[in-house]
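Asks:
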Amino acid sequence: MEKVSLKSGGVRIGAYAIILGNIEIGENVVIGAGAVVTKSVPANATVVGNPAHIIKTGDKHD
């Protein structure tokens with residue numbers, strides 16, 4: 767069984783998003799609705815798409 771590791775808080779996961787595999791999600795991450803996340807996501811990033819890709823980094827999300 768594979769696991770997802772959330773690094774602290776502030777993670778927002780949109781409706782119907784899928785997180786696959788043994789990956790880490792950094793703090794203050796936004797995962798867009800319907801995104802398919804197959805790789806680790808660094809802190810303060812926004813990811814969207816299938817497969818998910820980073821569209822924004824470096825800003826803390828409010």
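To convert, take the position in the sequence shown, counting from 1, and add 766; that gives the working numbering.
Glycine included, each C-beta is placed from N, C-alpha and C at the ideal position.
#1: When burial is assigned at 16 or more other CB atoms within 10 Å of the CB, is Ala-799 buried or exposed?
#2: What is the DSSP secondary structure of Val-813, counted as helix, strand or coil?
#3: Could you tell me which residues DSSP puts in a beta bridge with Val-796?
#4: Cβ atoms of Ser-806 and Ile-789: under 8 Å apart, would you say?
#5: For Thr-804, count neighbouring C-beta atoms within 10 Å of its own C-beta (all shown protein chains included) and say buried if the count is 16 or more, exposed if not.
Replies: Short version:
#1: exposed
#2: strand
#3: Arg-778 and Thr-812
#4: yes
#5: Exposed, by the Cβ-count rule.
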